[in-house]
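What follows is a short report on a single structure.
There are 2 protein chains.
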Amino acid sequence: MLTSKSSRPTPERLLDAAEKLMRTVGLASATTKAIAREAGCSEAALYKHFANKEELFVRVLMERTPNAGPLMAALQAGPGDPGAGVEEALADIARHASLFYADAMPMAASLFADPALLTRHREGVQQLGTGPHVVLDALAGRLRRERDAGRLGPDADPRTAAALLLGACFQRAFFLHFSGAHVVQPVEEFAPAVARSVWAAIR
Amino acid sequence: MLTSKSSRPTPERLLDAAEKLMRTVGLASATTKAIAREAGCSEAALYKHFANKEELFVRVLMERTPNAGPLMAALQAGPGDPGAGVEEALADIARHASLFYADAMPMAASLFADPALLTRHREGVQQLGTGPHVVLDALAGRLRRERDAGRLGPDADPRTAAALLLGACFQRAFFLHFSGAHVVQPVEEFAPAVARSVWAAIR
DNA sequence: CGGGGGTGGGTGAGTATTCACTCACCCCCG
DNA sequence: CGGGGGTGAGTGAATACTCACCCACCCCCG
């Protein structure tokens, strides 16, 4: 019974619960009582493991951020592989970026409701040298390398191209949550279209 | 003294106050008491003019949305004017879009903290047949007309190009508020760069 | 023409509820 | 038996919202 779900340590369950509530009912309704109930423990237990509610949220944002791994992997792979075309790689990146942003959007946007929490999170994040812009930097760097390897036009603008591709995916994720799935194209047709147009801009 | 500031009707002052607080201290701290104090009236007066706090917020979001006028004007102007190049028009659109999104971002993103409020707002907005996607539709339509007039390449993808340009401006606005001004390019260099790359993709 | 009374807008002082957070206490494992 | 992890029952503060009341204004009727 080592793997029974109740064996999962309480702090983890609290982080899980907080994340789940932030995604579903929203930051405003993610109260300490609701989080404790969702985690299956008492409110007082929360304060045995976290100094206060804000610390819990900050740790959720730092540790339970949607998994950027696949996206970063898609960003780093590629340039050494001359078999795959750049456009296909861009489509793959657009696919991963669309999924990642769709995942991250609700929690990230929630922070705008509480500027104090946003500031705390920003400080923690920039002390770690990370942040949402690393994705953009990674794609820009990747494109710069592609250009230097002669696979892009010599006057291509890697940073701007990266901003275009990721920005389109980002805004699509926003529409998805803000207006509903019916106003956005499905990823399977969106990602290749985006890749095609960006590729046309830099080849 | 008809134009004295206290002559501004109370409901307007409440809407002003609510908007200001949403922008500055955030939706979470925009309490009825704070709004009333900011508007210079009592809390009870708020309930003479609005059924509840949510109705006040919804009306702020519907009526005090950042002015999309200049952006929509920049989007509609142009195709009849053969003197101006498409790229310059795109740069102008990118400039206006960057400003508009930077203005709208805090209030729009705040909604993610309260999904119930988001749903109410979505319903109100789509009953009016509007929404954030109209900007994208307008630019896509504009580009389609340019293409049909032969000023773009015949296989240009207007909808995707619009998503790229506006998405880049949208994400820039997000970075601006989320991470600070130091991680984004100034508009004066960002807008032309975006326009140049998009133009390269569709010409 | 004067005054009685409805009315829209405003207020101060509440109310019930909910919030984040605390405390005294307990259980059980090493 | 000591202490980390857990709890039930609070605490004061803050929240959204209400209530009784007020006042200036206007309309209309005697």
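In the order they appear, the protein sequences are chains A and B. Counting in the working numbering, the first sequence runs from 446 upward without gaps. Counting in the working numbering, the second sequence runs from 446 upward without gaps. Virtual Cβ for every residue (Gly too), placed ideally from N, Cα, C. In this text the structure is predicted, and so the values were computed from the model without any measurement.
(request) Compare the Cα-Cα distances from residue 548 of chain A to each of A:494, A:578, A:594 and A:615 and report the closest residue. (result) Ranking the options by Cα distance to residue 548 of chain A, first place goes to A:615.
(message) Rounded to whole angstroms, what is the Cα-Cα separation between residue 637 of chain B and residue 604 of chain A?
(response) Rounded to whole angstroms, residue 637 of chain B to residue 604 of chain A spans 13 angstroms at the Cα level.
(request) At 8 angstroms on the CB atoms, spell out the chain A contacts of residue 513 of chain B, in chain order. (result) Those within 8 angstroms of residue 513 of chain B in chain A number zero; the least Cβ separation is about 15 angstroms.
(request) Check residue 450 of chain B in the structure and name its three-state DSSP category. (result) Because residue 450 of chain B carries a pLDDT of 49, less than 50, the predicted location of this residue cannot be relied on, and no value is offered for it.
(request) Report, in whole angstroms, the separation of the C-beta atoms of residue 642 of chain B and residue 578 of chain A, which I expect to be a contact under 8 angstroms. (result) Between residue 578 of chain A and residue 642 of chain B the Cβ distance is about 18 angstroms, and since that is not below 8 angstroms, they are no contact.
(request) Please list, in chain order, all residues of the same chain as residue 499 of chain B whose beta carbon is under 7 angstroms from its beta carbon, the five residues on each side excluded. (result) Contacts found: 562 and 565.
(request) From the DSSP output, in three-state form, read off residue 548 of chain B for me. (result) Three-state result, residue 548 of chain B: helix.
(message) Does residue 573 of chain B pass the burial test, meaning 16 or more other C-beta atoms within 10 Å, or should it be called exposed?
(response) By the neighbour-count rule (16 or more Cβ atoms within 10 Å), residue 573 of chain B is not buried but exposed.
(request) Using only alpha-carbon positions, find the residue among A:647, A:468 and A:635 that is nearest to residue 551 of chain A. (result) For the options A:647, A:468 and A:635, the alpha carbon positioned closest to that of residue 551 of chain A is the one of A:468.
(message) Let me confirm a value: residue 457 of chain A is counted as buried when at least 16 other C-beta atoms fall within 10 Å, else exposed. Which label applies?
(response) The Cβ neighbour count for residue 457 of chain A, taken over all protein chains shown within 10 Å, is under 16; the residue is labelled exposed.
(message) In whole angstroms, give me the CA-to-CA distance for residue 522 of chain A and residue 596 of chain A.
(response) When only Cα atoms are considered, residue 522 of chain A and residue 596 of chain A end up about 15 angstroms apart.
(request) Determine the chain A residues that contact residue 615 of chain B at a beta-carbon separation under 8 angstroms, and present them in chain order. (result) Within chain A, the residues placing a beta-carbon under 8 angstroms from that of residue 615 of chain B are 612, 615, 616 and 619, ordered along the chain.
(request) Quick one: list the residues of chain A neighbouring residue 577 of chain B, beta-carbon separation under 8 angstroms, in chain order. (result) Chain A residues near residue 577 of chain B: 619, 620, 623 and 624.
(message) Considering just the uninterrupted stretch of the alpha helix (DSSP H) at residue 614 of chain B, what are its terminal residues?
(response) Following the DSSP letters along the chain, one finds residue 614 of chain B inside the alpha helix (DSSP H) bounded by residues 603-623.
(message) Going by beta-carbon coordinates alone, are residue 647 of chain A and residue 645 of chain B separated by less than 9 angstroms?
(response) Contact flag set, yes.
(message) If I follow the unbroken alpha helix (DSSP H) through residue 503 of chain B, where does it start and stop?
(response) Looking at the DSSP string, the run of the alpha helix (DSSP H) that includes residue 503 of chain B is 498-508.
(request) Following the continuous alpha helix (DSSP H) through residue 627 of chain A, name the residue where it begins and the one where it ends. (result) Note, residue 627 of chain A: premise wrong, no alpha helix (DSSP H); not H, not E.
(message) Give me the subset of the stretch 592-605 of chain B whose CB atoms are less than 7 angstroms from a CB atom of chain A, sorted by chain position.
(response) Among the residues of the stretch 592-605 of chain B, those with a Cβ less than 7 angstroms away from any Cβ of chain A are 602 and 605, in the order of the chain.
(message) Beta carbons nearer than 9 angstroms to chain B: which residues of the stretch 479-507 of chain A have them?
(response) Those residues of the stretch 479-507 of chain A that come within reach of chain B (Cβ to Cβ, closer than 9 angstroms) do not exist; the list is empty.
(message) Under 8 angstroms: do the stretch 503-516 of chain B and the stretch 533-548 of chain B share three or more Cβ pairs, one atom per stretch?
(response) The stretch 503-516 of chain B, when compared against the stretch 533-548 of chain B, does touch it at the 8 angstroms Cβ threshold.
(message) Quick check: the Cα distance between residue 495 of chain B and residue 555 of chain A, rounded to an integer number of angstroms?
(response) Distance between the alpha carbons of residue 495 of chain B and residue 555 of chain A is about 25 angstroms.
(request) Under 9 angstroms between beta-carbons, which chain B residues line up against residue 565 of chain A? List them in chain order, please. (result) What residue 565 of chain A touches in chain B: nothing, since even the nearest Cβ is about 13 angstroms away.
(message) Here's the rule: buried if 16 or more other CB atoms are within 10 angstroms of the residue's CB, otherwise exposed. What is residue 598 of chain A?
(response) Residue environment for residue 598 of chain A: exposed (fewer than 16 other C-beta atoms within 10 angstroms of its C-beta).
(request) Answer with buried or exposed for residue 602 of chain B, where buried requires no fewer than 16 other C-beta atoms within 10 angstroms of its C-beta. (result) Looking at its Cβ environment, which holds 16 or more other Cβ atoms inside 10 Å, residue 602 of chain B is buried.
(request) Take the Cβ of residue 471 of chain A as the centre, count every other Cβ of all protein chains shown within 10 Å, and call the residue buried at 16 or more, exposed below. (result) When all chains shown are included, residue 471 of chain A counts as buried.
(message) Between residue 569 of chain B and residue 628 of chain B, how many whole angstroms is the CB-CB distance? I'm expecting something under 8 angstroms.
(response) The pair is not a contact, with the Cβ atoms about 34 angstroms apart (cut-off 8 angstroms).
(message) Quick check on DSSP: helix, strand or coil for residue 700 of chain A?
(response) Here chain A covers residues 446 to 648 and nothing more, so residue 700 of chain A does not appear.
(request) Report whether the distance from the Cβ of residue 616 of chain A to the nearest heavy atom of the ligand PLP is below 8 angstroms. (result) The model depicted lacks the ligand PLP and carries no ligand whatsoever.
(message) Buried or exposed for residue 666 of chain B, going by 16 or more other Cβ atoms inside 10 Å?
(response) No information on residue 666 of chain B is available, as it lies outside the stretch 446 to 648 that chain B covers here.
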